[in-house]
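Below you'll find the structure, written out as structure tokens, and then a few comments.
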Amino acid sequence: MTDARRVLIADDDPSIRHAVTLKLSKAGLAVTAASDGEEALKLALESEPELMIVDYAMPYMTGYDLCRELRKHERFDQTPVIVLTAMEQDIDTSLAAELGVVEFMTKPFSPRELLARTKELLEALPSPGGGAS
Numbered sequence: 026m027t028d029a030r031r032v033l034i035a036d037d038d039p040s041i042r043h044a045v046t047l048k049l050s051k052a053g054l055a056v057t058a059a060s061d062g063e064e065a066l067k068l069a070l071e072s073e074p075e076l077m078i079v080d081y082a083m084p085y086m087t088g089y090d091l092c093r094e095l096r097k098h099e100r101f102d103q104t105p106v107i108v109l110t111a112m113e114q115d116i117d118t119s120l121a122a123e124l125g126v127v128e129f130m131t132k133p134f135s136p137r138e139l140l141a142r143t144k145e146l147l148e149a150l151p152s153p154g155g156g157a158s
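Letter by letter, the sequence shown follows residues 26 to 158 in our numbering.
So this is what it looks like as structure tokens:
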């Protein structure tokens, strides 16, 4: 088994999915990628990511809908979420906070900044297999 931190990326844009997956994987993170909200829900339940990076507007299920579904499972009640969006002005920040969204990144975004923020958030979490609540 690997001690790599687990991250789920969900975005319907293949170029964004690829760029983020590549950047995070090269940094030593275990990345699972989904192309829509329904696939992301299925993969999250299987891989139990420690952090999720989700597009706000995806087919079948929005990023918020995905978070809402995952919050029904106790194991995801503290999982931090970064939302990628092209629609910054349409964001409901109070609902976002309830759903575990800790950061918004407006597209286009810097993969380097996303990696830095991802690392910061993961470092604040308990280490894998070591006293996670």
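Note that beta-carbon positions come from the ideal geometry of N, C-alpha and C, so glycine has one too.
Source: prediction; values computed, not measured.
Three-state secondary structure (DSSP) of T87: Working through the sequence shown from its first residue, we reach residue 87 at position 62. Coil.
Among Y85, T57, P133, M83, the one whose alpha carbon lies nearest that of S72: Position 47 of the sequence shown, counted from the first residue, corresponds to residue 72. Comparing Cα positions, the closest option is T57.
Residue closest to R31, alpha-carbon to alpha-carbon, out of M83, L76, R142: Locating residue 31 in the sequence shown gives position 6, counting from the first residue. The residue with the shortest Cα to Cα distance from R31 is L76.
Rounded Cβ spacing between V106 and Y81 (contact assumed at less than 8 Å): Within the sequence shown, the letter at position 81 stands for residue 106. Within the sequence shown, the letter at position 56 stands for residue 81. Not a contact, Cβ separation roughly 11 Å.
Proximity of D90 and R96 at Cβ, strictly below 8 Å: By 1-based counting over the sequence shown, the position of residue 90 is 65. By 1-based counting over the sequence shown, the position of residue 96 is 71. Contact: no.
Validate contact between the region 48–64 and the region 31–40 using beta carbons, cut 8 Å, 3 pairs: yes
Cβ-based burial, L47 [other Cβ within 10 Å; buried from 16]: Residue mapping note: residue 47 aligns to position 22 of the sequence shown, counting from 1. With fewer than 16 Cβ atoms within 10 Å of its Cβ, L47 is classed as exposed.
Boundaries of the beta strand (DSSP E) in which A59 is found, first to last residue: In the sequence shown, residue 59 corresponds to position 34, counting from 1. First-last of the beta strand (DSSP E) with A59: 55–59.
Cα-Cα separation, P151 to T104: In the sequence shown, counting from the first residue as 1, residue 151 sits at position 126. In the sequence shown, counting from the first residue as 1, residue 104 sits at position 79. Approximately 11 Å between the Cα atoms of the pair.
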